[in-house]
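Residue numbers (full-length UniProt numbering): 1 to 280. Below you'll find the structure, written out as structure tokens, and then a few comments.
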Ligand code: NAD
């Protein structure tokens, strides 16, 4: 469900400006910095911010999310894109004045989207947990991945292929879409499991389509071969030997964005990113 909640606006809003290394991003960052540094309603600080302004692209927003994921109860994000309109970015670089006007009029409105929680259990009992904003994947590096897939304790299939990706609704338009997953509206409280190059023939069988799993349910993947596995989430990737189990569910926390009159509709973004203007 869409959450249009309100947080009491503190007297002075603490704002962090995070930009990637591009010249254009640095220029936008310095323009916003100059505009806010003498405004007594705002306090510019990377420590304990209420609002995080991410300048760059979707990748920059993913990095900003992981920088501040421990403060999800408090922070709201807003993205300014220095390229094309992104999925996590509401403003383009030439719209900084509109952004500043909306920021000054902000009353604490937010819009929140689901996140993914993943838990990796190694054969020696070690456990690694992480949150993802886009997706998390498990791949076997040298050979075909053979893994048992269960949903909520029900054994579904023995998977053979390159790997499996599990994505959030906002992540459905990222890697998930490239591997044939469905586009899911970000307000749907569900996540999606999508196969990466599964083997399907007379001998081996997998579901073959992506599956949408509701909040409260859990996907478990148990690799059946000893070997080296890549565990990735968003823009991070780690190699582990002997993964025993990987579990996915929706996280109990959500990511919140500033909800301004400028917030671009999801289907508009989908059209802009994947279809463009076509003659009908
Ligand atoms: P990156 O930051 O260069 O991003 C790669 C592309 O994915 C960019 O065009 C970015 O705008 C787009 N993207 C990111 N999140 C998106 C979203 N939620 N919806 C639509 N597009 C989105 O690459 P990176 O730092 O290596 O990884 C960041 C993300 O990029 C990953 O989480 C993954 O989803 C995505 N990615 C996609 C592919 C692919 O589609 N084949 C390959 C690599 C990475």
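For each residue, glycine too, the CB sits at the ideal point set by N, CA and C. Model, not experiment: these values are computed from the prediction.
Note down the Cα distance separating residue i from residue j, rounded to an integer number of angstroms.
i, j, result
"residue 2", "residue 221", "At residue 2 the pLDDT is 40, less than 50, meaning the model places this residue with poor confidence; the figure from the coordinates comes in the next sentence. Each residue's alpha carbon lies about 30 Å from the other."
"residue 298", "residue 93", "Absent from the model: residue 298. The displayed extent of the chain is 1 to 280, so no value can be given."
"residue 277", "residue 102", "29 Å"
"residue 235", "residue 185", "22 Å"
"residue 78", "residue 54", "6 Å"
"residue 147", "residue 206", "11 Å"
"residue 150", "residue 16", "41 Å"
"residue 121", "residue 218", "15 Å"
"residue 18", "residue 69", "14 Å"
"residue 32", "residue 245", "45 Å"
"residue 228", "residue 141", "6 Å"
"residue 23", "residue 134", "26 Å"
"residue 188", "residue 127", "29 Å"
"residue 130", "residue 270", "27 Å"
"residue 144", "residue 171", "25 Å"
"residue 106", "residue 136", "33 Å"
Closest to residue i by C-alpha separation, out of the options, would be which residue?
i, options, result
"residue 13", "67, 233 and 52", "52"
"residue 272", "173, 252, 192 and 249", "173"
"residue 196", "239, 45, 165 and 231", "165"
"residue 109", "258, 267, 263 and 234", "258"
"residue 224", "267, 241 and 30", "241"
"residue 298", "262, 46 and 247", "In the structure as shown, the chain starts at 1 and stops at 280, and residue 298 therefore has no counterpart that could be examined."
"residue 233", "176, 107, 43 and 105", "176"
"residue 274", "217, 74 and 87", "87"
"residue 61", "169, 194, 190 and 90", "90"
"residue 96", "35, 133 and 71", "35"
"residue 80", "267, 138, 20 and 137", "20"
"residue 39", "123, 215 and 100", "100"
"residue 192", "262, 214, 64 and 201", "214"
"residue 216", "171, 238, 98 and 252", "252"
"residue 204", "181, 161 and 178", "161"
"residue 230", "56, 138 and 29", "138"
"residue 265", "75, 11, 85 and 74", "85"
"residue 25", "112, 190, 59 and 202", "59"
So what's residue i in DSSP terms, helix, strand or just coil?
i, result
"residue 240", "strand"
"residue 39", "coil"
"residue 87", "coil"
"residue 229", "strand"
"residue 183", "coil"
"residue 269", "helix"
"residue 173", "helix"
"residue 277", "coil"
"residue 78", "strand"
"residue 59", "helix"
"residue 54", "strand"
"residue 245", "strand"
"residue 95", "helix"
"residue 29", "helix"
"residue 23", "helix"
Going by DSSP, what residues sit across from residue i in a beta bridge?
i, result
"residue 192", "167 and 212"
"residue 250", "116"
"residue 103", "Bridge partners of residue 103: none, in fact."
"residue 67", "Note: residue 67 sits in no beta bridge, so no partner."
"residue 141", "In DSSP, residue 141 forms no bridge with anything."
"residue 148", "158 and 222"
"residue 17", "53"
"residue 44", "15"
"residue 135", "167"
"residue 198", "161"
"residue 130", "118"
Within 7 Å: the Cβ of residue i and any heavy atom of ligand 1?
i, result
"residue 281", "No answer is possible for residue 281: it lies beyond the span of the chain, which begins at 1 and ends at 280."
"residue 135", "yes"
"residue 59", "yes"
"residue 361", "The requested residue 361 does not occur in the structure, where the chain is confined to residues 1 to 280."
"residue 235", "yes"
"residue 171", "yes"
"residue 62", "yes"
"residue 86", "yes"
"residue 230", "no"
"residue 178", "yes"
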